[in-house]
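Throughout the sequence shown, residue numbering follows the working numbering, covering 130 to 304 in sequence. Quick notes on the structure that follows.
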Amino acid sequence: MESSVHLRPLRHTDIATYADWGADRQLCLHAGWTVDLDRFAREAHWLRVLEDGRVLRLAAVRGEEVIGYVDLAGTETDHRELGYVVGPSSRWGQGLGTTVARLGLQQGFSALGLEWIDAEAAETNHASVRILQRLGMTETGEQGVDTYLGVPTPTRCFRITRESYLRQNPVPEGK
Ligand SMILES: CC(C)(COP(=O)(O)OP(=O)(O)OC[C@H]1O[C@@H](n2cnc3c(N)ncnc32)[C@H](O)[C@@H]1OP(=O)(O)O)[C@@H](O)C(=O)NCCC(=O)NCCS
């Protein structure tokens, strides 16, 4: 599955897909998106995301289909914060979240040349915690409380350094 998913810059033609996901109540609740926004507001939001460009957000694409996105948030040149979403929620549980998040790390370390990448997950966001663990990220502790599924929940923090990433994902010889 992994080889068929790739990341690319967001395009205006992606807006309709992401705006559709805003009608997926399950996705909105898990991702912390506003529920019940009308279509016009959802499209306007995505247009702002695309044109603002403050967060590096890349579309995750399988074949011709947009199946998620990855954020590498921050303005520093040596580190960023990883975020990821798979949509719609009917696609969850097939390994796509792991694939998309892994591509985010690859992008951060190979294309952006980062020294480290941080990520956070709500303690009860079991799928996301599992993904960060499977990616070989090290848990650095808990920081603050955020609302997840409507409940105040401690946030678990993770980090992976370039060195650790390269140790776990050696570049094949000749590349
Ligand atoms: C988090 C999210 C990306 C997971 O996507 P996904 O495609 O379901 O992820 P995967 O299929 O790769 O599953 C990841 C792991 O979580 C486990 N998992 C999935 N749902 C789970 C659940 N409800 N409870 C416990 N474990 C779960 C899977 O079994 C898998 O672990 P494994 O590889 O050991 O079997 C997706 O649910 C999502 O987009 N959520 C909203 C946004 C979000 O929370 N983003 C993360 C915070 S930045």
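Backbone N, C-alpha and C fix where the C-beta goes; we use that ideal spot for every residue, glycine too.
For residue 270, the secondary structure class from DSSP, reduced to helix, strand or coil, is strand. Taking C-beta separations shorter than 7 Å and ignoring five residues to either side along the sequence, the partners of residue 269 in its chain run 286, 287 and 288, following chain order. Taking all protein chains shown into account, residue 300 has fewer than 16 neighbouring C-beta atoms within 10 Å of its C-beta and is therefore exposed. For residue 177, the Cβ stays outside the 7 Å cut-off from all heavy atoms of ligand 1. Contact annotation: the segment 207-218 touches the segment 239-251, with at least three C-beta pairs closer than 8 Å.
Annotation: the continuous beta strand (DSSP E) that includes residue 247 extends over 245-251.
Of the heavy atoms belonging to ligand 1, none sits nearer than 7 Å to the Cβ of residue 152. At a threshold of 7 Å, residue 174 does not count as near ligand 1, since its beta carbon sits no closer than that to any of the ligand's heavy atoms.
Within 7 Å of the C-beta of residue 184 there is not a single heavy atom belonging to ligand 1. Taking all protein chains shown into account, residue 238 has 16 or more neighbouring C-beta atoms within 10 Å of its C-beta and is therefore buried.
By the Cβ rule, the segment 176-187 does not count as touching the segment 252-264, because fewer than three pairs are nearer than 8 Å. Per DSSP, the unbroken beta strand (DSSP E) holding residue 288 starts and ends at 280-290. Residue environment analysis places residue 171 among the buried positions, since at least 16 neighbouring C-beta atoms fall within 10 angstroms of its C-beta. Counting C-beta pairs with one atom in each stretch, the segment 161-168 and the segment 188-202 have fewer than three that are closer than 8 Å, which means they do not touch. Contact check for residue 283 and residue 271: beta-carbon distance about 5 Å, within the 8 Å limit, so the pair qualifies. DSSP places residue 197 in the uninterrupted beta strand (DSSP E) bounded by 194-202.
Rounded to the nearest angstrom, the gap between the Cα atoms of residue 229 and residue 199 is 7 Å. In this structure, residue 246 has its beta carbon at no less than 7 Å from each heavy atom of ligand 1.
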